[in-house]
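Under full-length UniProt numbering, the first residue of the sequence shown carries the number 1, and numbering increases by one thereafter.
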Amino acid sequence: METARFGVSGDRIRALACVYGCDDQAHIEALISIAEDRTKGWWLEYAEALPADFLDLAELEHHARGMRTYQIAHIPGLLQTEDHIKAIFAECDPPLLGEDLDRRIQHRVRRQAVLEKEWPPKYEAVIHEAALRMQFGGTKTAKAQLEHLIAMGDRDHITIQVIPFTAGGFAGSGQSIFYAQGDVAQLDTVQLDATHGISLLDSPTQLRNYRKLLDRMKAKALPVGESRSFIHTITGQL
1 METARFGVSG
11 DRIRALACVY
21 GCDDQAHIEA
31 LISIAEDRTK
41 GWWLEYAEAL
51 PADFLDLAEL
61 EHHARGMRTY
71 QIAHIPGLLQ
81 TEDHIKAIFA
91 ECDPPLLGED
101 LDRRIQHRVR
111 RQAVLEKEWP
121 PKYEAVIHEA
131 ALRMQFGGTK
141 TAKAQLEHLI
151 AMGDRDHITI
161 QVIPFTAGGF
171 AGSGQSIFYA
181 QGDVAQLDTV
191 QLDATHGISL
201 LDSPTQLRNY
211 RKLLDRMKAK
221 ALPVGESRSF
231 IHTITGQL
């Protein structure tokens, strides 16, 4: 199934659900939808070239019904310009060179197609002011990135809010969070970034805690309109 050469039939999923005592029909149908998807995910083209974490993230985004993210030091990957992406990967240690660098850039750009679907998922981003003021690639690249952020935030399915420095401290402020919503709550997943890679969480308690944390961060942020004006002001300072 992972290589998309074949799917698992709906009858088999239902039989397994019966064996394991699962009678949640919405959950079962959501699993069938994923299992019977015979379309080979584009991210599998990178299976031998990029870490598994990169593939996991692309697959999460592909299947998500909705996405929420909080970022303190970086613009969310799905909202980055290609020049911004190049500037970020140029700072990797050890350095990325040649085809390795090109593949990382290409992979992130291709991930962004999820927001261009005919029926795109709802995407909510809460971004700390620190991320907006980071000048990866210099002033010109940074300004173009902020202008792109404003334009993306004008789309109906994308919400961008900013937490300014003046908001002070708050729980969880130092970690980046990505929350992918599945077709049913049981398929939700949280991704946390760390220096060693990413961690994926999906227990009901963990999911509930991170939903509450993201809600608190959203409450700390400026409203959407004020956030747009805030980003515009920073752009004008460059």
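Even for Gly, the Cβ is constructed at its ideal location relative to N, Cα and C.
Query, Result
"When you measure from the CB of D100 to every non-hydrogen atom of the ligand NAP, does any distance come out below 7 Å?", "Of ligands this structure carries none, so the ligand NAP is not represented either."
"What is the rounded straight-line gap between the Cα of H62 and the Cα of I158?", "16 Å"
"Taking H128 as part of the beta strand (DSSP E), name the residues at either end of that continuous run.", "122 to 128"
"Using DSSP bridges, identify the partner residues of R68.", "E124, Y179"
"Could you check if H196 is buried or exposed, using at least 16 other CB atoms within 10 Å of its CB as the buried criterion?", "exposed"
"What span of residues does the beta strand (DSSP E) with V162 cover, start to end?", "158 to 163"
"Comparing the C-beta of H84 with each C-beta of chain B, is any distance below 8 Å?", "The structure shown contains no chain B; it holds only a single protein chain."
"Take the Cβ of G182 as the centre, count every other Cβ of all protein chains shown within 10 Å, and call the residue buried at 16 or more, exposed below.", "buried"
"For P95, count the other beta carbons within 10 Å of its own beta carbon; 16 or more makes it buried, fewer makes it exposed. Which is it?", "exposed"
"Please give me, in chain order, every unbroken run of the alpha helix (DSSP H) with length at least 4 that falls completely inside the region 75 to 161.", "82 to 89, 98 to 111, 129 to 133, 139 to 153"
"Within 10 angstroms of its Cβ, does G169 collect 16 or more other Cβ (buried), or is it exposed?", "exposed"
"Apart from the five residues just before and just after P51, which ones in its own chain have a Cβ nearer than 8 Å to its Cβ?", "G197"
"Among P204, E226, A180, F230, which residue has its Cα nearest to the Cα of R68?", "A180"
"Specify, as a first and last residue, the run of the beta strand (DSSP E) that L192 falls within.", "189 to 194"
"Three-state secondary structure (DSSP) at G197?", "strand"
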